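Colleague: Here the working numbering runs 640 ahead of the position in the sequence shown, where the first position is 1.
So that we are looking at the same thing, I have put the structure below in structure tokens.
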Amino acid sequence: MSRLVVVSNRVADPRKTAAGGLAVALAEVLNNTGGLWFGWSGRIVEDGGQPSLHTQHAGPVTLVTADLGQSDHAAYYVGYSNGVLWPVFHYRLDLADFDDGYIAGYRRVNQQFARQLAPLLREDDIIWVHDYHLIPLAAELRALGCTQRIGFFLHIPLPPPLILAAIPGHDWLIRALFAYDVVGFQAEADLLHFDNYVAAEAHAQPVGEHRWRAFNRTVQAGAYPIGIDVDEFQGLAQAHEGREMFERMRREYSRRKLLVGVDRLDYSKGLPQRLKAFRALLTRYPETHRSATLIQIASPSREDVSAYTDILHELESLCGSINGNFGELDWMPVRYMHRTVARPRLPGLYRASRVALVTPLRDGMNLVAKEFIAAQDPADPGVLVLSRFAGAAEQLKEALMVNPYDVEGTANAIHLALQMPVEERRVRHESLMATIRQYDVHWWCNAFLDTLAQAESAESGTPWL
Ligand code: GDG
641 MSRLVVVSNR VADPRKTAAG GLAVALAEVL NNTGGLWFGW SGRIVEDGGQ
691 PSLHTQHAGP VTLVTADLGQ SDHAAYYVGY SNGVLWPVFH YRLDLADFDD
741 GYIAGYRRVN QQFARQLAPL LREDDIIWVH DYHLIPLAAE LRALGCTQRI
791 GFFLHIPLPP PLILAAIPGH DWLIRALFAY DVVGFQAEAD LLHFDNYVAA
841 EAHAQPVGEH RWRAFNRTVQ AGAYPIGIDV DEFQGLAQAH EGREMFERMR
891 REYSRRKLLV GVDRLDYSKG LPQRLKAFRA LLTRYPETHR SATLIQIASP
941 SREDVSAYTD ILHELESLCG SINGNFGELD WMPVRYMHRT VARPRLPGLY
991 RASRVALVTP LRDGMNLVAK EFIAAQDPAD PGVLVLSRFA GAAEQLKEAL
1041 MVNPYDVEGT ANAIHLALQM PVEERRVRHE SLMATIRQYD VHWWCNAFLD
1091 TLAQAESAES GTPWL
């Protein structure tokens, strides 16, 4: 059996529960095959210093992490990855900062990672690269002579060709994807955008279903919607902290219905629109006063990117004005926390909530939607209000689907969710549960890696970029 090598911007220690479903799932595969996980150490060193490598052993898995120089980090991570690729791939051209210097830093770091990783590779390794930070990594590895099978999974959406084409150097990015053997997306919509892009802009030739030939290479594309580890999450719900959180919430809100939102504080998550929908609910349906409370957790994220501080201020002002206008001495409509909640508490919070608001403006998948479903009591489950623009909407058809830009429409859907009879909640939940069980994180890992294992070994040596 080939060894698995996982490469991602950040490396999680799979032995820690805080690591979450993805790390747990990858750890399981890595443990089976013996494996290597490579990425950034999270450390930034002064420019000009020799970026060092750190090696740690976690059972049969070796974690290797590399430091980044200060200006490389600024250009690669803050600049190109989170200032260009993140906004554009989430359809936000207005928020992109197309600074000339970023792309060179992005390429430098991918080159650095390739040079550090190549000597650690074995001939029959299978390499799985994750996410938008590392699109050119395979091309850089191929330029160093690596012929191993290399797959890429994009965790965020891929926008339609004409949005992608706004990125200066977009053709370079997509050419880089042809250095992979398999390229995976979250949703069918993303796959369609890839097919359309490579046919129109790269003049690629179709050689099979979602299989394309261009730049002397053949790449297999596919949709592999990521899932959660349902058993692991339900285990957390039953563990001490999960149960305690659930009971505390139920006691505290015994006469009220809880609505919950859990997101990284990111402009893609549609938080201001969600708060406006909640305000419209309170305005239009006075019976919700005193009877509904929204708990919104917005965990801190990427505070070094300016668009994130703007959204923080907007959110704080909306929460303040809703509480100011509607609050009573013994009831505050919104409980907003700009803090991270410990993972073992999340399932208890989800289970105590009647409604989850998962209303991103764009999202690759959205795992909170799946975690909420997994945490429910099947006899008295809560209702998922889900944006049609989350990748998860392709799978979770029994959720109450909303257009998050339509504030009134979303308010009406929340009202419907709050009033939904238990029989209907049960029927919807049962189907949703069957879907997240069938397409869990193990399915995702296996489906992607099976395709990669079947790929023909790569041609190498071409200076791709
Ligand atoms: C990217 C894509 C895709 C959030 N707040 C807290 C907390 N979380 C956890 C959630 C969930 C995870 O973080 C968030 O996952 P999402 O999928 O919702 O979103 P992104 O972080 O944007 O992830 C996304 C995902 O990659 C996987 O492919 O689904 O579309 O954007 O697990 O529970 N966890 C804790 N405290 C918090 O305050 N402990």
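Beta carbons: idealized from backbone N, C-alpha and C, even for Gly.
These numbers were taken from a predicted model, which means no experiment stands behind them.
Look at the alpha carbon of Leu832 and the alpha carbon of Tyr893, and state the distance between them as a whole number of angstroms.
Modeller: 45 Å
Colleague: When the Cα atoms are used, what is the spatial distance from Leu1141 to Tyr717?
Modeller: Because the chain is modelled from 641 through 1105, residue 1141 falls outside the range shown and cannot be assessed.
Colleague: Does the beta-carbon of Leu911 have 16 or more other beta-carbons within 10 angstroms, so that it is buried, or is it exposed?
Modeller: For Leu911, the number of other beta carbons within 10 angstroms of its own is at least 16, and it is reported as buried.
Colleague: Cβ of Gly960 versus every heavy atom of the ligand GDG: is any distance shorter than 7 Å?
Modeller: no
Colleague: Does the beta-carbon of Arg904, which I'm using as the reference point, lie nearer than 7 Å to any heavy atom of the ligand GDG?
Modeller: yes
Colleague: Exposed or buried, Gln860, counting other C-beta atoms within 10 Å across all chains shown (16 or more means buried)?
Modeller: buried
Colleague: Within the same chain, show all residues whose beta-carbon is closer than 6 Å to that of Gly824, passing over the 5 residues directly before and after it, in chain order.
Modeller: Phe793, Gly862, Tyr864, Phe1088
Colleague: Taking 7 Å as the cut-off, is the C-beta of Arg942 nearer than that to any heavy atom in the ligand GDG?
Modeller: no
Colleague: Examine the ligand GDG and report whether any of its heavy atoms sits within less than 7 Å of the Cβ of Val769.
Modeller: no
Colleague: Between the Cα of His961 and those of Tyr976, Tyr948, Asp970, Thr949, spot the shortest distance and give me the residue it belongs to.
Modeller: This sequence places Ser at residue 961; His is not what is there. Selected option, being the one with the closest Cα: Tyr976.
Colleague: My output table needs one value for Ile684: the three-state DSSP class, helix, strand or coil.
Modeller: strand
Colleague: Kindly indicate which three-state DSSP category Lys1010 falls into: helix, strand or coil?
Modeller: helix
Colleague: What are the residues that DSSP puts in a beta bridge with Met977?
Modeller: Ile937
Colleague: At 3 residues or longer, and completely inside the region 724-795: list those beta strand (DSSP E) runs for me, N to C.
Modeller: For the region 724-795, whole beta strand (DSSP E) runs of length 3 or above, ordered along the chain, are 766-770, 789-793.
Colleague: Taking 7 Å as the cut-off, is the C-beta of Ser939 nearer than that to any heavy atom in the ligand GDG?
Modeller: yes
Colleague: Nearest by alpha-carbon distance to Val685: which of Gln1094, Asp707, Met889 is it?
Modeller: Minimum Cα-Cα distance from Val685 among the listed residues Gln1094, Asp707, Met889 corresponds to Asp707.
Colleague: Which runs of the alpha helix (DSSP H), 4 residues or longer, sit entirely within the region 683-715?
Modeller: 710-713
Colleague: With DSSP collapsed to three states, give me the class of Pro846.
Modeller: strand
Colleague: Just reading off the alpha helix (DSSP H) that Ser957 is part of, what are its end residues?
Modeller: 946-966
Colleague: Given this structure, state the Cα-to-Cα distance separating Met889 from Ser993, to the nearest angstrom.
Modeller: So the two alpha carbons sit approximately 9 Å from each other.
Colleague: Using 7 Å as the cut-off, classify the Cβ of Glu872 as near or not near the heavy atoms of the ligand GDG, replying yes or no.
Modeller: no
Colleague: Tell me Gln860's beta-bridge partners as DSSP assigns them.
Modeller: Val822, Arg851
Colleague: Near Phe966, what residues of its chain come up, given a Cβ to Cβ distance below 7 Å and the 5 sequence neighbours on each side ignored?
Modeller: Closer than 7 Å at Cβ, skipping near neighbours: Leu922, His929, Pro973.
Colleague: Compute the distance between the beta-carbons of Thr691 and Gly709, then report whether it is under 8 Å.
Modeller: The sequence shown places Pro at residue 691, not Thr. A Cβ-Cβ contact shorter than 8 Å links Pro691 with Gly709.
Colleague: Tell me whether Ile796 counts as near the ligand GDG, meaning its Cβ is closer than 7 Å to at least one heavy atom of that ligand.
Modeller: yes
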